[in-house]
Amino acid sequence: MKSEPEVYSIEDLKQDNTTIWDGVRNYQARNYLKQMQKGDIAFFYHSNCKMIGIVGLMTIVESNVIDRTQFDANSPYFDPKSTINNPRWHTVKVQFKEKFTEIISLNTLKEEFTSNELLVVKKGNRLSVIPIPENTAKKIILKSINK
DNA sequence: GCCAACGTTGGC
DNA sequence: GCCAACGTTGGC
2 MKSEPEVYSI
12 EDLKQDNTTI
22 WDGVRNYQAR
32 NYLKQMQKGD
42 IAFFYHSNCK
52 MIGIVGLMTI
62 VESNVIDRTQ
72 FDANSPYFDP
82 KSTINNPRWH
92 TVKVQFKEKF
102 TEIISLNTLK
112 EEFTSNELLV
122 VKKGNRLSVI
132 PIPENTAKKI
142 ILKSINK
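Residue numbering for the first sequence follows this note's numbering, beginning at 2 and increasing consecutively.
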């Protein structure tokens, strides 16, 4: 799950402990969010910044949460076509789990994984929520421990 | 700041 | 349903 650290970083999540992952306005990303279940683990990825890469882990603590910002006319994520009775945007609540001692940089990820194993290394990929095969996820976690 | 690689909108 | 125009993401 990507976030621009200028907007919301792993440090922010560490302080907040939990947060609603709102603001996703892409149907494919939303569909992946819908598939997430309580207890699932997700990687926190810092995008569009100097130090790009995976910075830690979070736990999904609540699934199928309605993204309230879609109803807020003052929010940049406001969706005028969404209604209370028929909301378009669902997301999840996440909890801080771990901040890696060292970032696993995008460069490292590119060296270690093909775009089949890890979509985030694929050029032009803009999805902010991306599924990761279990094998790949395990390798990434091992990497974070070895550092 | 540039631009490739998308996704979305809306006229037809 | 097609597609041009436009908007956004995000690495570089």
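Glycine included, each C-beta is placed from N, C-alpha and C at the ideal position.
Based on DSSP bridge pairs, tell me the residues matched to residue i.
i, result
"glutamate 63", "Lys94"
"tyrosine 46", "Lys3, Ile55"
"lysine 100", "Gly57"
"threonine 20", "Val95"
"serine 106", "Gly54"
Under 8 Å by Cβ, that's how I've got residue i and residue j pegged, so tell me the actual separation to the nearest angstrom.
i, j, result
"valine 62", "isoleucine 11", "Not confirmed; about 16 Å, so no contact."
"phenylalanine 101", "asparagine 18", "Their Cβ separation, rounded to whole angstroms, is 18 Å, which puts phenylalanine 101 and asparagine 18 out of contact at 8 Å."
Among the options, which residue has its Cα nearest to the Cα of residue i?
i, options, result
"lysine 3", "Lys51, Leu128, Thr109", "Leu128"
"valine 66", "Lys94, Leu143, Leu120, Lys139", "Lys94"
"leucine 34", "Ile133, Lys139, Leu14", "Ile133"
"lysine 149", "Lys139, Leu107, Glu135", "Past the edges of the chain, shown from 2 to 148, lies residue 149, and the structure says nothing about it."
"threonine 60", "Glu99, Val130, Ser145, Glu7", "Glu99"
Please go through the same chain and pick out, in chain order, the residues whose beta-carbon is closer than 6 Å to the beta-carbon of residue i, but skip the five residues on each side of it.
i, result
"glutamate 118", "Thr137"
"glutamine 38", "Ser64"
"phenylalanine 44", "Ile55"
Within its chain, find whatever has a CB closer than 8 Å to the CB of residue i; leave out the 5 residues flanking it on each side and keep chain order.
i, result
"aspartate 68", "Ile21, Asp23, Gly24, Val25, Tyr78, Pro88, Trp90, His91, Thr92"
"glutamate 5", "His47, Ser48, Asn49, Cys50"
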